[in-house]
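Number of protein chains: 2
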Amino acid sequence: MYSNIAIYTYEVDPFYTDPNKEMSIAAIVNHIQIAASAHADSCGWGFDKLSESETRWVLARLAVEMNTYPQLYDTLVVETWVEDITRLFSIRNFEFKNQNGETLGYACSIWSAINMETRKSIDLTSLSGDIMSYKSDKPCPINRPVKPLSIADTSFLDLPIRYSDIDVNRHVNSTRYIEHLLDLFPLDFHDKYMINRFEIAYQNEARFGDTLELHKKELEPLKYAFEIKKNNLETACKAQIKFKPKQSTN
Amino acid sequence: MYSNIAIYTYEVDPFYTDPNKEMSIAAIVNHIQIAASAHADSCGWGFDKLSESETRWVLARLAVEMNTYPQLYDTLVVETWVEDITRLFSIRNFEFKNQNGETLGYACSIWSAINMETRKSIDLTSLSGDIMSYKSDKPCPINRPVKPLSIADTSFLDLPIRYSDIDVNRHVNSTRYIEHLLDLFPLDFHDKYMINRFEIAYQNEARFGDTLELHKKELEPLKYAFEIKKNNLETACKAQIKFKPKQSTN
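Here the protein sequences come in this chain order: A and B.
The numbering used here puts the first residue of the first sequence at -7, with every later residue one more than the last.
The numbering used here puts the first residue of the second sequence at -7, with every later residue one more than the last.
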């Protein structure tokens, strides 16, 4: 078996499901972060420990590929492991299974650790303790997230940032951006198509008082690029979503 | 000790906390529903069982009073019990504690069970099995939620319903309304004041394609009434919030 894999299980409650009773991609991304945080904590490299030293993990890029989504009241099993650690990035992967051990999908995430005062990335290889010993040899079969192209020249929808968009880090929560992107499609589109691959790159924090501009561009049928800018200036995040038709369950 | 009390514990993860690292009222209302559902399931009167008979529990009214909110990474302990069952309503109460057993607050909720086809309430006393035997003698020290007054003559903010507002029941999720109400106040208001009592009455479902109108009226300093109408016609829900100044933690 592979080394250094952490396994977490979560119940898929109604709060985490979409109108089709499947776990939403926002909820999956949320659990990716909870599992990553739990694993980092258990290794001694977690949010709690790092926050004492004013350092915090920041999700830079993420790709999620799902063949099937967990259903309401299923158990989501998340396996997570660190593939590699470079000076600036930690690459952490995920395999998602259901309660029967069937693989539902995978994710690959790229994290940096920033100093909360300077807002600059720290050198991960300079951290005390042998962070390299937590690397795992388990392979991840999906492509890593790449830096998406800018599509900021397209038309956009203005969206003021609201109180409930803001999280404990006092910036727009990473899963809220995902909800804002999904809201660019009507309910009947989501009824017909599932997200096959979701990719996002977080670039700049947006804060209360900022205004977001949501850009969307169809790259090819069922494949869309997104860019969320703030105050018509900086890019908050870029994303790509590849949809595929749902298999009829009727 | 009191009879028929169910106890559930939940971790307060970053997803459930507000910008001040306290569990949000929306997350508390969500866990009220999760705990209620789990307890109803364990008693044999749950969503799963009732959905086979095309009956579903619907939250009609809710009052939450909090003296202190659970903090990030705390454990929220939820005690829940059924106070009374009438022909049309089940009255279910909650006590919230932290991991040290200290009481943080209480909630009182009123539920009806509706037939999904006729959308009408069913007679709870007509259900097979002895539902009355699940009543508890534990007291709840807060006032029951009352039917709030209409304030629909005040000015309002239009809000289109978006995909991510919609839940498994294919209507606007009950906690989303709460977020929409809290979004009527800026971040620095929430930094200064905490919700002491929150009360909501759900009246009509809003669905994708509907437009919400958010009404807000100050009743007295730090006490507000709200009404969310849909399509300038029916009332979706009414609410009241009493805030109080936060104790400085600095």
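The beta-carbon is built from N, C-alpha and C at its ideal position, and this holds for glycine as well.
For residue i, which of helix, strand or coil comes out of DSSP?
| i | result |
| --- | --- |
| residue 242 of chain A | The pLDDT assigned to residue 242 of chain A is 45, lower than 50, so where the model puts this residue is not dependable, and the model offers no usable value. |
| residue 183 of chain A | helix |
| residue 11 of chain B | coil |
| residue 46 of chain B | coil |
| residue 132 of chain A | coil |
| residue 63 of chain A | strand |
| residue 157 of chain B | helix |
| residue 32 of chain B | helix |
| residue 174 of chain B | helix |
| residue 167 of chain A | helix |
| residue -5 of chain A | coil |
| residue 146 of chain B | coil |
| residue 51 of chain A | strand |
| residue 77 of chain B | strand |
| residue 16 of chain B | coil |
| residue 232 of chain A | strand |
| residue 58 of chain B | strand |
| residue 140 of chain B | coil |
| residue 198 of chain B | coil |
| residue 6 of chain B | helix |
| residue 203 of chain B | strand |
| residue 26 of chain A | helix |
| residue 110 of chain A | coil |
| residue 211 of chain A | strand |
| residue 96 of chain A | strand |
Against chain B, does residue i count as a neighbour if the rule is that its beta carbon must be under 8 angstroms from one of theirs?
| i | result |
| --- | --- |
| residue 237 of chain A | no |
| residue 6 of chain A | yes |
| residue 207 of chain A | no |
| residue 182 of chain A | yes |
Could you check if residue i belongs to the surroundings of the ligand FAD, using beta carbon to heavy atom distance under 7 angstroms?
| i | result |
| --- | --- |
| residue 114 of chain B | As far as ligands go, the structure on display features none, and thus does not contain the ligand FAD. |
Should residue i be flagged as near chain A, meaning a C-beta pair shorter than 8 angstroms?
| i | result |
| --- | --- |
| residue 171 of chain B | yes |
| residue 22 of chain B | yes |
| residue 141 of chain B | no |
| residue 156 of chain B | yes |
| residue 26 of chain B | yes |
| residue 175 of chain B | yes |
| residue 222 of chain B | no |
What residues of chain A sit near residue i, judged by a beta carbon separation below 7 angstroms?
| i | result |
| --- | --- |
| residue 160 of chain B | 6, 9, 11, 13, 64 |
| residue 179 of chain B | 155, 158, 200 |
Using a Cβ-Cβ cut-off of 8 angstroms (strictly less than) and excluding sequence neighbours within five positions of residue i, which residues of its own chain qualify?
| i | result |
| --- | --- |
| residue 195 of chain A | 226, 227, 228, 229, 230 |
| residue 81 of chain B | 52, 102, 103, 104, 116 |
| residue 215 of chain A | 232, 233, 234, 235 |
| residue 182 of chain B | 10, 11, 12, 174 |
| residue 201 of chain B | 153 |
Residue i versus chain A: which residues are under 9 angstroms apart at the beta carbon?
| i | result |
| --- | --- |
| residue 88 of chain B | Residues of chain A passing the Cβ test: none, with the nearest at roughly 17 angstroms. |
Within a Cβ cutoff of 7 angstroms, which residues of the same chain sit near residue i, ignoring the five residues on either side of it in sequence?
| i | result |
| --- | --- |
| residue 237 of chain B | 184, 185 |
| residue 118 of chain B | none |
| residue 242 of chain A | Here the model assigns residue 242 of chain A a pLDDT of 45, short of 50, so the residue's position is not dependable, and the following value carries that caveat. Cβ within range, chain order: n/a, list empty. |
| residue 219 of chain B | 142, 143, 144, 207, 227, 230 |
| residue 132 of chain A | 75, 85, 98, 100 |
| residue 224 of chain A | 205 |
Output, in chain order, the set of chain B residues within a Cβ distance shorter than 8 angstroms of residue i.
| i | result |
| --- | --- |
| residue 202 of chain A | Chain B residues near residue 202 of chain A: none, gap ~11 angstroms exceeds 8 angstroms. |
Go through its chain and collect everything with a Cβ distance to residue i's Cβ below 6 angstroms, but skip five positions before and after it.
| i | result |
| --- | --- |
| residue 127 of chain B | 74 |
| residue 10 of chain A | 16 |
| residue 68 of chain B | 2, 4, 62 |
| residue 71 of chain B | -3, -1, 87 |
| residue 148 of chain A | 205, 206, 207 |
| residue 34 of chain A | none |
**Request:** Determine contact between the region 55 to 66 of chain A and the region 74 to 93 of chain A, defined as no fewer than three beta-carbon pairs at a distance below 8 angstroms.
**Result:** Touching, yes, given that three or more Cβ pairs across the two stretches are closer than 8 angstroms.
**Asked** Do the region 137 to 151 of chain A and the region 151 to 170 of chain B meet, that is, are 3 or more Cβ pairs less than 8 angstroms apart?
**Response** Result no; under three Cβ-Cβ pairs closer than 8 angstroms.
**Asked** Do the region -2 to 8 of chain B and the region 18 to 37 of chain B make contact, defined as three or more Cβ pairs closer than 8 angstroms?
**Response** Because the criterion of three Cβ pairs below 8 angstroms is met, the region -2 to 8 of chain B and the region 18 to 37 of chain B touch.
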